[in-house]
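*Asks:*
There are 2 protein chains.
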Amino acid sequence: MVVTLRDVARAAGVSPATASRALSAPDLVAPLRREQVQRVARELGYRPNRAARELITGRTGNLCLVVPDLENPFFAAVAKGVQARARTLGYAVFVADAEEDPRMESELVAHLGSQVDGAVLCSPRMSDEDLDHLSEEVPLVLVNRQHGTLPSVVIDNADGVRQAVTHLHALGHRRIAYAGGPADSWSDGRRRIGLQHPSHGLRQVEVVDLGHFAPVFAGGVAAADLVAASGATAVLAHNDLVALGILSRLQARGIRVPDDVSVVGYDDIPAATLVSPSLTTVTVPLARLGREAVDLLVSSGLGGRRDSAAERAIAAAVTGRAEGASGGMREAGETSASGETGAPGEASWPAETTATGVATSSGAASSSGETSSSGVATSSGATSTHHELAVAPAAAAGSGGPTPAAVRLRVELVVRASTTTAPARPTSESDR
Amino acid sequence: MVVTLRDVARAAGVSPATASRALSAPDLVAPLRREQVQRVARELGYRPNRAARELITGRTGNLCLVVPDLENPFFAAVAKGVQARARTLGYAVFVADAEEDPRMESELVAHLGSQVDGAVLCSPRMSDEDLDHLSEEVPLVLVNRQHGTLPSVVIDNADGVRQAVTHLHALGHRRIAYAGGPADSWSDGRRRIGLQHPSHGLRQVEVVDLGHFAPVFAGGVAAADLVAASGATAVLAHNDLVALGILSRLQARGIRVPDDVSVVGYDDIPAATLVSPSLTTVTVPLARLGREAVDLLVSSGLGGRRDSAAERAIAAAVTGRAEGASGGMREAGETSASGETGAPGEASWPAETTATGVATSSGAASSSGETSSSGVATSSGATSTHHELAVAPAAAAGSGGPTPAAVRLRVELVVRASTTTAPARPTSESDR
DNA sequence: TTGAAAGCGCTAACAC
DNA sequence: GTGTTAGCGCTTTCAA
Chain A
1 MVVTLRDVAR
11 AAGVSPATAS
21 RALSAPDLVA
31 PLRREQVQRV
41 ARELGYRPNR
51 AARELITGRT
61 GNLCLVVPDL
71 ENPFFAAVAK
81 GVQARARTLG
91 YAVFVADAEE
101 DPRMESELVA
111 HLGSQVDGAV
121 LCSPRMSDED
131 LDHLSEEVPL
141 VLVNRQHGTL
151 PSVVIDNADG
161 VRQAVTHLHA
171 LGHRRIAYAG
181 GPADSWSDGR
191 RRIGLQHPSH
201 GLRQVEVVDL
211 GHFAPVFAGG
221 VAAADLVAAS
231 GATAVLAHND
241 LVALGILSRL
251 QARGIRVPDD
261 VSVVGYDDIP
271 AATLVSPSLT
281 TVTVPLARLG
291 REAVDLLVSS
301 GLGGRRDSAA
311 ERAIAAAVTG
321 RAEGASGGMR
331 EAGETSASGE
341 TGAPGEASWP
351 AETTATGVAT
361 SSGAASSSGE
371 TSSSGVATSS
381 GATSTHHELA
391 VAPAAAAGSG
401 GPTPAAVRLR
411 VELVVRASTT
421 TAPARPTSES
431 DR
Chain B
1 MVVTLRDVAR
11 AAGVSPATAS
21 RALSAPDLVA
31 PLRREQVQRV
41 ARELGYRPNR
51 AARELITGRT
61 GNLCLVVPDL
71 ENPFFAAVAK
81 GVQARARTLG
91 YAVFVADAEE
101 DPRMESELVA
111 HLGSQVDGAV
121 LCSPRMSDED
131 LDHLSEEVPL
141 VLVNRQHGTL
151 PSVVIDNADG
161 VRQAVTHLHA
171 LGHRRIAYAG
181 GPADSWSDGR
191 RRIGLQHPSH
201 GLRQVEVVDL
211 GHFAPVFAGG
221 VAAADLVAAS
231 GATAVLAHND
241 LVALGILSRL
251 QARGIRVPDD
261 VSVVGYDDIP
271 AATLVSPSLT
281 TVTVPLARLG
291 REAVDLLVSS
301 GLGGRRDSAA
311 ERAIAAAVTG
321 RAEGASGGMR
331 EAGETSASGE
341 TGAPGEASWP
351 AETTATGVAT
361 SSGAASSSGE
371 TSSSGVATSS
381 GATSTHHELA
391 VAPAAAAGSG
401 GPTPAAVRLR
411 VELVVRASTT
421 TAPARPTSES
431 DR
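For the record, the sequence lines run as chains A and B. 1 is the number of the first residue of the first sequence in UniProt numbering; add one for each residue after it. 1 is the number of the first residue of the second sequence in UniProt numbering; add one for each residue after it.
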């Protein structure tokens, strides 16, 4: 019924070993036999049995991705990025939804870990201990969180906040409310730090901490009333969903946005442009987060014993990468369905990254053998405060070298209709 | 390093065979030895090797889900439902994003099919032929599409359209535009049929077919101008994303919604309530689509040779189901992140379904061995036109019987702010 | 009820 | 370069 390698070998008049090599390591077989075997395999409709292969090689060819909530546009976008990149590298990916439950995160990783070569944990809320524990079971890459020497892909949280505050400051706002995310959210912690260390002469800006809110629409609705009561003329939300909730509630109460209160979000999810006024927010290269995570995972040596031909091809594809967001991060007016301008076709990767969407790949101290870290030279003179990574600022070429264990992606404020000049007040002219 | 079954057997003083049985088929081992083995296994931290098991049993314990676009809230919600149900049944699920490409759908299924026990195809756009072909490789369940005797979970497309049109008619609208989905969308075809066969005395309603549009925001933007030019006082969109696009463009052009034009969507994605005016739409039990799909897949005999204890437990869990949406389909004001009120805890399933969110499970002719089909008695006197399934209307109890091969879920119009009475025109009083 | 033995399909040493 | 051999870890006949 099912065609096995033996069948192919027999039909081709070679030994199973040769048949195996002809298909898995073609270089080791004489051209004639090789093609003979491959042809026979094709004709017979041979499909290798992955279980058998996995049993002996120890590699599964699978990855897994754990997210807190698939329905959250942020994670959906990251998942897309992970998907796309994994597929081009020949990996299938298990996706698991942890339902915002840190314990379920651990369980899922523990359960799936045994059948994957590596796992991407997106915005994990689990404890550092669980992270440590799990990292011994399966290669891990963290997205939107850092811990110890675990490889991770993060965004420049502090800089995003800085840009938002700078923007609001320029508009004359002097009292800004912050509607934070969950208390156990790593990124929220980072953003708070960014808030406490504003650059330049922004000391005049007073930040009102509204507390922690669920990172969803309802959380924003709850925050809105505190915004109104705070006397702030602008509010920075933990993410777009919260900002949307604030927007909605504020408008329902007759408070005009942006005339009375300016609102800034974070992430730039598709819905940010669907509402009116459209949301000023910090654009995050969501799909890119996912792609980088996969690259990091794959390049930091996955499970298994040996580097087969396929694996070498993968390694080459990864190391040789120099992705640039072709055509910008996200086109204005783009809907949720058209997605990121990912790069399924490897041909279309520009060697040089564009100004928009450039990643600041910084080599961090890695616990693994590789001590010499390489990265990409930072372009565009961002004077952002880089608090989050104790990185060696060394920069090198973008190809050939070992992939850094930590990647931080740049973010960028996009100004839309939800922010405008601060409402006229007695206190003006206190600039600079 | 890694604990194998042999190790457990040795440590427990039994043969590998007994150790295997003690863990996989406890009934076959004397209680004393059984617990002895289980204890030792626990102490040693034994983790069964799934590849080895799969190699011999032929079962993987995995499912896969293919969707056109993970970032589309519709599919994200379905994915969540699939996730949740699969997990309670002990399955891990590969999720693949086909990027709206029918060919990629086929490829993904073909590729993943070899390493799963079954696949859920959500709104597949691939050809019937591909469907037939793939169904021979791996057990398939279709969501939002039907073909031949393949098991499927669909919604009552025609009835949703009927409800929408009835609603608009009651509001005095007599000329209604329809902004359709992709030409190769199965559900769009169904909805068009529903449009052509309006029930009752709605013959007075004139439907203007605007054509086919991409099922995303941009598609709606494109459709909006046609709406304006059509002279229609209301428009029904293929889905919410399209409706949102229409809304946006209409407003940008100064056409008031709902005062000048009423807009109705389909699906009730979270974003439907984020915009203003909030969207009148047809609520679809999204997560439930996913859950039912998994149940159907699992109950219709997956790959493998034998029904192990675990499999029997799964079968029991599935057959005994009688899900009801606890507390309604979706609470007003709910955000995208809180998700559906799924049922991870099996304890909380009411035996009787509530009026809201009841499924119309109809037994369809199945090609597999089971000829006697059973379903759930239809409650609530919906006089909808059931064109889409040539079903035997027989209904029976909701537990114990074989699961029907096709499930159709009820949909329900939710009226929000985007629809109102038709603008005053000379022609009135032409009702009924 | 338990154990011995035989593979599931494939790859990787090791010889030739 | 190619074949032979020996398993990977587990389940499952078949005897006992």
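Backbone N, C-alpha and C define an ideal beta-carbon position, used for all residues, glycine too.
(1) Near R312 (chain B), which residues of its chain fall below 6 Å by C-beta distance, leaving aside the five closest residues on each side in sequence?
(2) On a Cα-Cα basis, can you pick out the residue from B:L274, B:P270, B:V294 and B:L413 that is closest to A77 (chain B)?
(3) Any beta carbon of chain B sitting closer than 8 Å to that of Q146 (chain A)?
(4) Assuming contact is defined by CB atoms lying nearer than 8 Å, are A84 (chain B) and N62 (chain B) in contact in what I supplied?
(5) Applying the 10 Å Cβ sphere with the 16-neighbour rule, what's the burial state of S15 (chain A)?
(6) With a threshold of 6 Å on Cβ separation, who are the neighbours of E137 (chain A) within its own chain once the five nearest residues in sequence on each side are excluded?
(7) Just to check my reading of the structure: A218 (chain B) and G245 (chain B) have Cβ atoms closer than 8 Å, yes? What is that Cβ distance to the nearest angstrom?
(8) I want to verify the contact list: residues of chain A whose CB lies under 7 Å from the CB of S230 (chain B), in sequence order.
(9) With DSSP collapsed to three states, give me the class of H212 (chain B).
(10) Among B:M104, B:V82, B:V109 and B:R191, whose alpha-carbon lies nearest the alpha-carbon of A96 (chain A)?
(11) Closer than 9 Å by beta-carbon distance: list the chain A residues that pair up with D97 (chain B), in chain order.
(12) So who's on the other strand from N62 (chain A), going by DSSP bridges?
(13) Taking the beta strand (DSSP E) that A298 (chain B) belongs to, which residues open and close that run?
(14) Which ranges would you report for the alpha helix (DSSP H) in the segment 14-64 of chain B if only whole runs of at least 4 residues count?
(15) With 16 as the cutoff for other CB atoms within 10 Å, does V2 (chain B) come out buried or exposed?
(16) With DSSP collapsed to three states, give me the class of E71 (chain B).
(17) With which residues is L142 (chain A) paired in a DSSP beta bridge?
(18) Could you give the residue range of the alpha helix (DSSP H) that holds R416 (chain B)?
(19) Would the segment 289-296 of chain B and the segment 152-170 of chain B be scored as touching if the rule is three or more Cβ pairs under 8 Å?
(20) Helix, strand or coil: how does DSSP classify R191 (chain B) here?
(21) So which of B:A417, B:L70 and B:R50 has the shortest CA-CA distance to P258 (chain B)?
(22) For D159 (chain B) and G194 (chain B), which I take to be in contact (beta-carbon distance under 8 Å), what is that distance rounded to the nearest angstrom?
(23) Kindly list the residues whose CB is nearer than 6 Å to the CB of N239 (chain B), restricted to its own chain and excluding five residues on each side of it in sequence; keep chain order.
(24) So for residue 455 (chain B), helix, strand or coil by DSSP?
(25) Is it buried or exposed, A19 (chain A), if we count other Cβ atoms within 10 angstroms and call 16 or more buried?
(26) Tell me whether R103 (chain B) sits in a helix, a strand or coil according to DSSP, three-state version.
(27) Is A422 (chain A) helix, strand or coil by DSSP?
(28) Leaving out the 5 sequence neighbours to the left and right, which residues in its chain are closer than 8 Å to V29 (chain B) when beta-carbon positions are compared?
(29) Residues of the segment 248-275 of chain B with a CB closer than 8 Å to any CB of chain A: list them in chain order, please.
(30) Under the three-state reduction of DSSP, which class applies to T166 (chain A): helix, strand or coil?
(31) Buried or exposed for R203 (chain B), please, with buried defined as at least 16 other CB atoms from any protein chain shown within 10 angstroms of its CB.
(32) Strictly below 7 Å CB to CB, what residues from chain B border L244 (chain A)?
(33) Please report how far the alpha carbon of L210 (chain A) lies from the alpha carbon of A406 (chain A), in whole angstroms.
(34) So A252 (chain B) and A177 (chain B) are in contact, right, with Cβ under 8 Å, and what is the actual spacing, rounded?
(35) In the segment 109-128 of chain A, which residues sit with their C-beta less than 8 Å from some C-beta in chain B, listed in chain order?
(36) Would you check if there are 3 or more beta carbon pairs closer than 8 Å linking the segment 120-138 of chain B to the segment 175-191 of chain B?
*Replies:* With the structure as the only source:
(1) Here residue 312 (chain B) is taken as the residue at index 312 of the second sequence, counted from 1. Note that R312 (chain B) scores a pLDDT of 43, beneath 50, so its modelled location is shaky and nothing firm can be said.
(2) As a first step, residue 77 (chain B) is located in the second sequence; it is residue number 77 there, counting from the start. Per the Cα distances, B:P270.
(3) In the first sequence, counting from the first residue as 1, residue 146 (chain A) sits at position 146. So no, Q146 (chain A) is outside the interface.
(4) Looking up residue 84 (chain B) in the second sequence gives position 84. Looking up residue 62 (chain B) in the second sequence gives position 62. Going by C-beta atoms, A84 (chain B) is not nearer than 8 Å to N62 (chain B).
(5) Here residue 15 (chain A) corresponds to residue number 15 of the first sequence, with the count starting at 1. The residue in question, S15 (chain A), is exposed, as its Cβ has fewer than 16 Cβ neighbours within 10 Å.
(6) Start at 1 with the first residue of the first sequence, and residue 137 (chain A) comes out as number 137. Only G113 meet the Cβ criterion.
(7) Taking the second sequence and counting its residues from 1, one reaches residue 218 (chain B) at position 218. Taking the second sequence and counting its residues from 1, one reaches residue 245 (chain B) at position 245. The Cβ separation is near 6 Å, so the contact holds.
(8) To locate residue 230 (chain B), count along the second sequence from 1; it is residue 230. In chain order: nothing, as chain A lies at least about 22 Å away.
(9) If you number the second sequence from 1, residue 212 (chain B) lands on position 212. Strand.
(10) The residue you call residue 96 (chain A) lines up with position 96 of the first sequence. Distances from the CA of A96 (chain A) to each of B:M104, B:V82, B:V109 and B:R191 were compared; the closest alpha carbon is that of B:V82.
(11) In the second sequence, residue 97 (chain B) corresponds to position 97, counting from 1. Neighbours of D97 (chain B) on chain A, chain order: A79, K80, Q83, A84, R87 and G339.
(12) In the first sequence, counting from the first residue as 1, residue 62 (chain A) sits at position 62. The partner list for N62 (chain A) (beta bridge, DSSP) reads A:A92.
(13) As a working note, residue 298 (chain B) is residue 298 in the second sequence. Going by the sequence as given, residue 298 (chain B) is Val instead of Ala. No beta strand (DSSP E) contains V298 (chain B), which is instead part of the alpha helix (DSSP H) from L286 to S299.
(14) 16-24, 31-44 and 50-57
(15) Within the second sequence, the letter at position 2 stands for residue 2 (chain B). With fewer than 16 Cβ atoms within 10 Å of its Cβ, V2 (chain B) is classed as exposed.
(16) In the second sequence, the residue the question calls residue 71 (chain B) occupies position 71. Coil at E71 (chain B), not helix or strand.
(17) Position 142 of the first sequence, counted from the first residue, corresponds to residue 142 (chain A). For L142 (chain A), which the question treats as bridged, DSSP gives the partners A:L121 and A:S152.
(18) The sequence position of residue 416 (chain B) within the second sequence is 416, counting from 1. Per DSSP, R416 (chain B) belongs to no alpha helix (DSSP H) and is neither H nor E.
(19) yes
(20) Looking up residue 191 (chain B) in the second sequence gives position 191. Helix, per DSSP.
(21) Numbered from its first residue, the second sequence carries residue 258 (chain B) at position 258. Nearest to P258 (chain B) by alpha-carbon distance, out of B:A417, B:L70 and B:R50, is B:A417.
(22) As a working note, residue 159 (chain B) is residue 159 in the second sequence. As a working note, residue 194 (chain B) is residue 194 in the second sequence. Indeed they touch by this definition, with Cβ atoms about 7 Å apart.
(23) As a position in the second sequence, residue 239 (chain B) is number 239, starting the count at 1. P215, Y266 and D267, listed in sequence order.
(24) Beyond the ends of chain B as shown, which are 1 and 432, falls residue 455 (chain B); an answer cannot be given.
(25) Here residue 19 (chain A) refers to the residue found at position 19 when the first sequence is read from its first residue. Buried, by the Cβ-count rule.
(26) Your numbering for residue 103 (chain B) matches position 103 in the second sequence. R103 (chain B): helix per DSSP, three-state reduction.
(27) Taking the first sequence and counting its residues from 1, the one referred to as residue 422 (chain A) is at position 422. Coil.
(28) For this step, residue 29 (chain B) is matched to residue 29 along the second sequence. Answer for V29 (chain B): T18, R21, A22 and V37, listed in chain order.
(29) S248, Q251, P270, A271, L274 and V275
(30) Counting from 1 along the first sequence, the entry for residue 166 (chain A) is found at position 166. T166 (chain A): helix per DSSP, three-state reduction.
(31) As a first step, residue 203 (chain B) must be located in the second sequence, where it is residue number 203. Exposed: under 16 other Cβ atoms inside 10 Å.
(32) Numbered from its first residue, the first sequence carries residue 244 (chain A) at position 244. Simply L274.
(33) The residue labelled residue 210 (chain A) in the question sits at position 210 within the first sequence. The residue labelled residue 406 (chain A) in the question sits at position 406 within the first sequence. Taking the straight line from one Cα to the other gives about 31 Å.
(34) Taking the first residue of the second sequence as 1, we reach residue 252 (chain B) at position 252. Taking the first residue of the second sequence as 1, we reach residue 177 (chain B) at position 177. Actually they are not in contact, since the Cβ atoms of A252 (chain B) and A177 (chain B) sit about 18 Å apart, beyond 8 Å.
(35) H111, L112, S114 and Q115
(36) yes
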